[in-house]
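Only one structure is covered here, and it is reproduced in the block below.
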Amino acid sequence: MTASLEEEMADHFAMNAEMRARIRDITAIADAIWQSVSAGGCVYLFGNGGSAAESLHFSGELIGRYKSNRRPLPATCLSADVSALTCIGNDFSFDAVFARQVTALVGPRDIVIAFSTSGRSENICSGLAAARAKGAKTVLFTGQNGAEIAKDCSLAFISPHTMTARIQEMHQLAMHLICARLETLVAESENV
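So for the sequence shown, numbering that gives the first Met the number 0 puts the first residue at 0; every next one is plus one.
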């Protein structure tokens, strides 16, 4: 049992070490979010299952705070609207639950961030396509298997792993690094 836990920890720490190679991607995503909200846009986020929880967590960090007390940044988690999700899922299809919300809410100043460890969920792909059709920037947080769909997005954070748990752990770290960068950008804008 202990050996198994040691292997899990070693795998996790190896992934953390690989994050340095992704600092440029993380910075680009933070800067794109800042550009959007500075222009009056909103951050829209979505995902399925654990990825829905990640999108909700990220939204909370943007509206609330990460570390510092700063102005809230506009964000909406599309995975959290149970009424819209169940209405669209029932009346249309589960594949349309994010695309339909994006079509109704998103504009060209906005940025749409999707979380999908596989990058293959049809509702995620459709939601991103709807965002592109609305002229919004798109960001995908995914794992190695999602690299193909990431090519269609404005930006992507691709966790260098195929195991869901490791992918989500790296997404969490990337999210927090993005929030740290955003809090620096907010502070700089208020000190100008």
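Virtual Cβ for every residue (Gly too), placed ideally from N, Cα, C.
Simplified DSSP state of residue i, which is helix, strand or coil
i: C76; result: strand
i: A113; result: strand
i: V105; result: coil
i: T161; result: coil
i: A126; result: The amino acid occupying residue 126 in the given sequence is Gly; Ala does not appear at that position. Correct three-state label for G126: helix.
i: F97; result: helix
i: D30; result: helix
i: A149; result: helix
i: S50; result: helix
i: S67; result: coil
Buried or exposed by the 16-neighbour rule on C-beta atoms within 10 Å, applied to residue i
i: I22; result: exposed
i: E7; result: exposed
i: F12; result: exposed
i: G134; result: exposed
i: V224; result: Here the chain covers residues 0 to 191 and nothing more, so residue 224 does not appear.
i: A29; result: buried
i: R70; result: exposed
i: N190; result: exposed
i: E147; result: exposed
i: V96; result: buried
i: A149; result: buried
Pick from the options that is closest to residue i, judged by C-alpha positions
i: R64; options: L181, E187 and E189; result: L181
i: A79; options: S188, N144 and H56; result: H56
i: N162; options: A27, G118, N190 and T183; result: For the record, residue 162 in the displayed sequence is Met; it is not Asn. That would be G118, whose Cα lies nearest to the Cα of M162.
i: H160; options: S153, C152, I148 and T141; result: T141
i: L104; options: S92, A129 and H170; result: A129
i: F114; options: K66, C76 and S3; result: C76
i: E17; options: E189, E168, A83 and A31; result: E168
i: I87; options: M14, A51 and T102; result: T102
i: L154; options: H175, A83 and A31; result: A31
i: I123; options: R99, R108 and P107; result: R99
Close Cβ partners of residue i (< 6 Å) along its chain, the five nearest in sequence each way excluded
i: E121; result: D94
i: D24; result: F156
i: L184; result: W33
For residue i, the residue or residues it bridges with in DSSP
i: T225; result: With the chain covering only 0 through 191, there is no way to say anything about residue 225.
i: G142; result: S158
i: F45; result: A113
Nonlocal neighbours in the same chain, by C-beta distance under 8 Å from residue i, ignoring five residues either side
i: S58; result: V42, L44, A74, T75, C76 and A79
Other residues of its chain near residue i: CB distance less than 7 Å, five sequence neighbours each side excluded
i: C152; result: L127, T137, V138 and L139
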